[in-house]
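Asks: Just dropping this structure here.
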Amino acid sequence: MHKSCKTGNGVSMIKVLMVEDDPDITELLEEYLGRYGIEVFSVSSPSVGLEKLQLERYDLMLIDLGLPEMDGLDLCRIVKERYPELPIIVSTARIDVSDKVAAFEIGADDYVAKPYEPRELVARIQVLVKQYSRIVSPTGSSTFSVDRVKMQVFHEGQALDLTQAEYEIFALLLEKKGEVVSREYIANSTDSLRWDSSDRSIDVIVGRIRQKIGDDSRHPHYIKSVRGVGYKYIGS
5 MHKSCKTGNG VSMIKVLMVE DDPDITELLE EYLGRYGIEV FSVSSPSVGL
55 EKLQLERYDL MLIDLGLPEM DGLDLCRIVK ERYPELPIIV STARIDVSDK
105 VAAFEIGADD YVAKPYEPRE LVARIQVLVK QYSRIVSPTG SSTFSVDRVK
155 MQVFHEGQAL DLTQAEYEIF ALLLEKKGEV VSREYIANST DSLRWDSSDR
205 SIDVIVGRIR QKIGDDSRHP HYIKSVRGVG YKYIGS
């Protein structure tokens, strides 16, 4: 399973999931965007795209409106309902303004009309990812917040002293509040575990997080163990 890659200078690449059924566009963007530190994972099917989202974490999604199986607008709606924190850019050769309006109404963050300049798309991706990487709080949470720029988790306004691995795992659990996050998903979504992603390593790190936030594994208020699967953030 793929893990986040880094560029030659150590900067994490932006991971984009692209749902596009035109192989020429796919090939062009994979090559071009890669020059700017944007790694593109391409699928031609909406159903496969939804499966990918369950297995991997992406920084942005690029959706073509003219897709097989399902209209791109319907896919956009489903993704935003399930992953509200994932920015989406829709692209299409359609020229009807109503399509553009509909895309924004269902939650698309940006819209590009084909044909477009790849360099413009790069700029739009970079801007959106930067906007979404600012301080993000889990829905309805007044207890913890995450600053993705400084890579810190705050407990009621106070920064927690976390290692990189602790930060990445806790931020992921907060992002997926109320959802069961498997150990496999944690391993695939955490850069710090790329050399050691065993279940035992993950369990040890979660144990350290619990100690630092004052959580009891037997009577958890924040992180609940799901036997044989992984963990779930259950706090307010």
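Take the position in the sequence shown, starting the count at 1, then add 4; the result is the number in this note's numbering. The C-beta atom is built at its ideal place from N, Cα and C for all residues, glycine as well. Please read all numbers here as calculations on a predicted model, not as lab measurements.
Might you give, ordered along the chain, the residues of its own chain that have their beta carbon closer than 7 Å to the beta carbon of E109, omitting 5 neighbours on each side?
Replies: none
Asks: For E85, count the other beta carbons within 10 Å of its own beta carbon; 16 or more makes it buried, fewer makes it exposed. Which is it?
Replies: Answer is exposed; the Cβ neighbour count stays below 16.
Asks: What whole-angstrom Cβ distance do L57 and Y87 have, given they're in contact under 8 Å?
Replies: Correct: roughly 6 Å between the Cβ atoms.
Asks: Can you tell me where the alpha helix (DSSP H) holding S51 begins and where it ends?
Replies: It spans 50-59 - the alpha helix (DSSP H) in which S51 sits, taken as one unbroken run.
Asks: Decide if L59 is buried, meaning its Cβ has at least 16 other Cβ atoms within 10 Å, or exposed.
Replies: Exposed.
Asks: Around the Cβ of D63, are there at least 16 other Cβ atoms within 10 angstroms (buried) or fewer (exposed)?
Replies: buried
Asks: Near I18, which residues of its chain fall below 8 Å by C-beta distance, leaving aside the five closest residues on each side in sequence?
Replies: Correct list, in chain order: G41, I42, E43, D63, L64, I129, Q130, V133.
Asks: Taking just the CA atoms, how far does S102 sit from V2?
Replies: What the structure shows of the chain is the stretch from 5 to 240, and residue 2 is not part of that stretch, so it cannot be assessed.
Asks: Let me confirm a value: T96 is counted as buried when at least 16 other C-beta atoms fall within 10 Å, else exposed. Which label applies?
Replies: The Cβ neighbour count for T96, taken over all protein chains shown within 10 Å, is at least 16; the residue is labelled buried.
Asks: Please go through the same chain and pick out, in chain order, the residues whose beta-carbon is closer than 6 Å to the beta-carbon of I238, but skip the five residues on each side of it.
Replies: K228
Asks: Grab me the residues of M155's own chain with a C-beta within less than 6 Å of its C-beta, minus the 5 sequence neighbours each way, in chain order.
Replies: Excluding sequence positions up to five before and after M155, its CB lies within less than 6 Å of the CB of Y171, all in the same chain and listed in chain order.
Asks: A106 and L77 - do their beta-carbons sit closer together than 7 Å?
Replies: yes
Asks: Where D75 and D68 are concerned, what is the direct C-alpha to C-alpha distance, given to the nearest angstrom?
Replies: 9 Å
Asks: Between the C-alpha atoms of I92 and E160, what's the straight-line distance to the nearest angstrom?
Replies: 30 Å
Asks: With H, G and I counted as helix, E and B as strand and the rest as coil, what does DSSP make of K181?
Replies: Residue state, collapsed to three classes: coil.
Asks: Compute the beta-carbon to beta-carbon distance between S48 and E24, rounded to the nearest angstrom, for a pair I have assumed lies under 8 Å.
Replies: 7 Å
Asks: Apart from the five residues just before and just after S51, which ones in its own chain have a Cβ nearer than 8 Å to its Cβ?
Replies: Excluding residues within five positions, the ones whose Cβ falls inside 8 Å are E73, M74.
Asks: Which of the three DSSP states, helix, strand or coil, is assigned to L21?
Replies: strand
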